[in-house]
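So the sequence shown is residues 677 to 1293, counted in the numbering used here.
Virtual Cβ for every residue (Gly too), placed ideally from N, Cα, C.
Just so you know, these numbers come straight off a predicted model, no measurement behind them.
Have a look at the structure below, then the notes.
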Amino acid sequence: MCMWHTCGKNLGVTANTSGTSRAMAIPLKKNNTMSFRLKLFISFAAIFTVFTLLVMIFQYDREKKFRIGQLENTLDNITEIAHNYMTSNSIVDSGSYIMMDSLMEILPAENIRLTVINPKGIVLYDSEVSAVETMENHLERPEVRQSVSSESGANIRESATTGSSYYYYARFYTDYFVRTATLYDLRVKDFLHVEKLFIIYLILLFLVTSVILHYITRKFYEIITKLKYFIIRLRSGEELDETMEFPKDELGSISNEFTSLYKELNDAQKNLVIEKNKLYSHLSALNEGIAFFSPMKEKVLTNNHFIQNLNLLSEMSTISAEKIFEVPELKPIVQFIDRQLKESAVHSTDDAHPQMEMDLQKGTRYFNVKCVFFQDKSFEIVIIDATKLEKRRLMKQQMTSNIAHELKTPVATVMGYMETLQHNSISPEKQKYFIDKAHAQARRLSDLIEDISTLNRIEEAGDNYELKQVLIKDVVAEVEEQLKLKLDEHHIKVHVDIPGKLKIKGNKSLLFSIFYNLFDNVIKYGGDGAEIYLSNYLKDKKNYYFSFANTGNEIDDKHLTRIFERFYRIDDGRSRKTGGTGLGLAIVKNAIQLHKGEISARNYKDGGLEFLFSLGK
């Protein structure tokens, strides 16, 4: 095959070409789910496949057009040569078309067919046919018809005259058509056939890229898998793997930042949970009722004491903390809250927040209510049941008054006796009488101070007393021994029915005070010849129950509920005569309560008084 020469002229062609495309099938496993790595690889592979096919189609079409252009440039050059030859030799005017044979002999290309056609389609010359008058009209030939409307025309078809296939190329020169054709044989077909080298190159490039994609997706999948297992472990509550490593690239940096951020958030969450649990524990342990509310007056957090105190304060049964806004007694607090919520901002400093506090009494109970606002307009309400504190304050106030009164009498008496002895000349017998009286009052004053001290210790340091196992029968025996002279003096008999092994976990000194004051009370007020009956009549899982009864003088029922009050006396004159301080039974009650027990009194069936009390095991 000879080399085709080009003149740099690229012309279009309307030759019909057809091709087939093959779809690449990728076998996939029929799973319900596809792995992320496979999805990623298929996505990248599909994108690259489409890109490769587009490049292949574009390059194939470009190569084909280039080769067709080369062939048409060669045929166009021959056409121009023929036209110039005919013009220079006035062949059309002379009609000497036989001269075209001379041109055919000097053309370098082989298997070239040259045809001259007049505007009516009549063949004037054909290098392959001698009897041109026998040839068909060529005006409707595709290449001729196309050259009329465009610069040139081309077509591949079988010649009706020679029966051979040609690649035709025609141009119209006003007075005639010049058509050149080359035999469409294997040589021309090979020339027009696009080389497959670039296709092989693209296929190799595709394979290499697929391997690279496989490696990249595998690395990327490893990172994603690590993150996946990392999240799964987090969801299942497992500890983080400190040895987990990610690639040293941007994606690895993101993964490391993610894990570090999570660790920080996890640590912060753990600390938050700890602090939250501390807050809950603190709220539960508080004796005060506290509730936090949002700016919409909706409960955020509360403790049980708040609901309990709210029910006591409002005399209603509710479990809703929001009911506090409906309590009439708390109208000033509610109005304060409404005013704060209407303001554009809460005016507060770092050390102080808007707040309001009020005290109120509901029946026999005393309450302190406080509301504090925060900068976000949320607020807290604290309800303190101050009944015990208030009653203790009143009791101390009353006790102080009683103590002053009780101290005043013996002190005044002692001073009177001393002044009598100091300023009057009296006989030795009278002096001894006044000194004995002063001594008795001083002893009474000492007993009073001792009892007051004992009560204060029980109330203020009750939890600090040392507790240990104490045999009750031994304590009672010790009391009897200490009071034996007084018991014998008043002819009082004692009957004790307590198991010898009965033990109480308590303070021996206070247990001694309980029984000492009960015995002493009988000695002072029971009368001569009384009998004491002390027994343990019942026990359960928590307590031992005792009865302390004595025959003798009874008391009116109206006094039974008050005999445990400080300085309460049924007969003030009689009590002072017997030397009582009025604190003995108060000490008994407080000491029993410290031992997780209770005490009550009633008149005894055979006359006298009976105390029923319990002591915690």
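Selected residue, minimal CA-CA separation from residue i, among the options
i: Asn1229; options: Leu1163, Gly1202 and Phe982; result: Gly1202
i: Leu962; options: His981, Glu974, Ser1276 and Ala1116; result: His981
i: Leu1236; options: Ala1206, Gly1205, Asn1212 and Gly1284; result: Gly1284
i: Ser990; options: Tyr1042, Asn1279 and Ser1211; result: Tyr1042
i: Lys1179; options: Ser936, Gly1292 and Leu1131; result: Gly1292
i: Glu1165; options: Asp1204, Asn1193 and Leu1131; result: Asp1204
i: Tyr736; options: Ile875, Glu809, Asn749 and Ile900; result: Ile875
i: Ile907; options: Asn942, Lys895 and Ile879; result: Asn942
i: Arg817; options: Tyr773, Tyr845 and Val805; result: Tyr845
i: Phe853; options: Glu1157, Ile832, Ser828 and Ile899; result: Ser828
i: Ser957; options: Gln945, Leu977 and Lys973; result: Leu977
i: Asp1035; options: Ala785, Tyr1213, Ala1062 and Ser764; result: Ala1062
i: Tyr1209; options: Ser764, Asn831 and Val1170; result: Val1170
i: Glu1156; options: Val1172, Glu1142 and Tyr1141; result: Val1172
i: Gln1269; options: Asn1219, Pro795 and Asp851; result: Asn1219
i: Ile1125; options: Gly1260, Gly839 and Thr935; result: Gly1260
i: Lys902; options: Thr935, Ser764, Ser835 and Asn1140; result: Thr935
i: Phe1012; options: Ser993, Met992, Cys1047 and Gln1037; result: Cys1047
i: Asp851; options: Ala857, Val799 and Leu881; result: Val799
Residue i to residue j span [Cα, whole Å]
i: Glu812; j: Ile788; result: 20 Å
i: Pro1175; j: Gly1273; result: 19 Å
i: Gln1098; j: Tyr1109; result: 14 Å
i: Leu1187; j: Glu998; result: 48 Å
i: Arg1238; j: Tyr1244; result: 7 Å
i: His1271; j: Lys1281; result: 28 Å
i: His1029; j: Phe1050; result: 6 Å
i: Arg1119; j: Ser1223; result: 31 Å
i: Ser1290; j: Gly1039; result: 30 Å
i: Tyr897; j: Ile930; result: 15 Å
i: Met1094; j: Asp1196; result: 30 Å
i: Lys904; j: Glu964; result: 48 Å
i: Val824; j: Arg847; result: 8 Å
i: Glu1005; j: Gly1258; result: 40 Å
i: Ile892; j: Phe727; result: 19 Å
i: Arg1068; j: Ile1000; result: 27 Å
i: Lys975; j: Ile995; result: 12 Å
i: Ser1101; j: Leu1121; result: 27 Å
i: Tyr1311; j: Glu739; result: The chain is shown only over 677 to 1293; residue 1311 falls outside these bounds and no answer can be derived.
i: Ser841; j: Asn831; result: 10 Å
i: Ile754; j: Thr725; result: 43 Å
i: Lys939; j: Gln1031; result: 40 Å
i: Glu1002; j: Ile900; result: 57 Å
i: Ile1059; j: Asp1014; result: 19 Å
i: Ser1251; j: Ser960; result: Because the pLDDT of Ser1251 is 48, which lies under 50, any placement of that residue in the model is unreliable, and the number read from its coordinates should be weighed accordingly. Their backbone Cα atoms lie some 47 Å apart in a straight line.
i: Glu1033; j: Gln1016; result: 15 Å
i: Arg1278; j: Ser1211; result: 16 Å
i: Ser1214; j: Ser1276; result: The amino acid at residue 1214 is misidentified as Ser; the sequence shows Leu. One C-alpha to the other measures close to 16 Å.
i: Gly695; j: Thr838; result: No answer about Gly695 holds up, because its pLDDT of 37 lies below 50 and its placement is not dependable.
i: Ile1134; j: Ile1128; result: 10 Å
i: Lys705; j: Leu714; result: Residue confidence is low: Lys705 scores 42 on pLDDT, short of 50, so the model does not pin down where it sits. Its coordinate-derived value is still stated next. Using only the alpha carbons, I get a separation of about 10 Å.
Rounded Cβ spacing between residue i and residue j (contact assumed at less than 8 Å)
i: Ser803; j: Leu790; result: 4 Å
i: Arg1181; j: Lys1149; result: For clarity, residue 1181 is Lys in the given sequence; the question names Arg instead. About 16 Å separates the two Cβ atoms, so there is no contact after all.
i: Ile1190; j: Leu1163; result: No, Ile1190 and Leu1163 are not in contact; Cβ-Cβ is about 17 Å, not under 8 Å.
i: Asn1193; j: Ala1206; result: No, Asn1193 and Ala1206 are not in contact; Cβ-Cβ is about 16 Å, not under 8 Å.
i: Met780; j: Val792; result: Going by Cβ atoms, the distance from Met780 to Val792 rounds to 12 Å, so no, they are not a contact pair.
i: Tyr843; j: Leu783; result: With a Cβ gap of about 16 Å, Tyr843 and Leu783 do not count as contacting.
i: Tyr849; j: His759; result: 5 Å
i: Leu1070; j: Asn1266; result: Not a contact, Cβ separation roughly 17 Å.
i: Thr750; j: Ala785; result: 7 Å
i: Glu1286; j: Ala1262; result: Actually they are not in contact, since the Cβ atoms of Glu1286 and Ala1262 sit about 19 Å apart, beyond 8 Å.
i: Arg855; j: Glu809; result: About 17 Å separates the two Cβ atoms, so there is no contact after all.
i: Val1146; j: Lys1177; result: 12 Å between Cβ atoms; not a contact.
i: Gln1117; j: Val1151; result: Actually they are not in contact, since the Cβ atoms of Gln1117 and Val1151 sit about 31 Å apart, beyond 8 Å.
Exercise for the section: Could you pull out every unbroken alpha helix (DSSP H) segment of at least 4 residues lying fully inside the segment 1109-1180, listed in chain order? Expected result: 1148-1158 and 1160-1165
Exercise for the section: Taking 8 Å as the threshold, find out whether the segment 941-953 comes into contact with the segment 980-989 through three or more Cβ pairs. Expected result: no
Exercise for the section: Mind listing, in chain order, the continuous beta strand (DSSP E) runs of no fewer than 3 residues lying wholly within the segment 902-986? Expected result: 965-969 and 975-978
Handout entry: Given 8 Å, three or more beta-carbon pairs between the segment 732-744 and the segment 765-775
Key = no
Practice task
Pick out the complete alpha helix (DSSP H) segments inside the segment 809-845, 4 residues or longer, and give them in chain order.
Solution key: 818-825
Practice task
Give a yes or no on contact between the segment 964-978 and the segment 1052-1061, applying the rule of three or more CB pairs nearer than 8 Å.
Solution key: yes
Handout entry: Any 3 or more C-beta pairs closer than 8 Å across the segment 716-730 and the segment 841-861
Key = no
Problem - Runs of alpha helix (DSSP H) lying entirely within the segment 711-764, each at least 4 residues, in chain order - result: 712-764
Practice task
Could you name each continuous alpha helix (DSSP H) segment of 4 residues or more that falls completely within the segment 1042-1107, going from the start of the chain to the end?
Solution key: 1063-1099
Problem - Complete alpha helix (DSSP H) runs within the segment 1250-1292 (minimum length 4 residues, chain order) - result: 1260-1270
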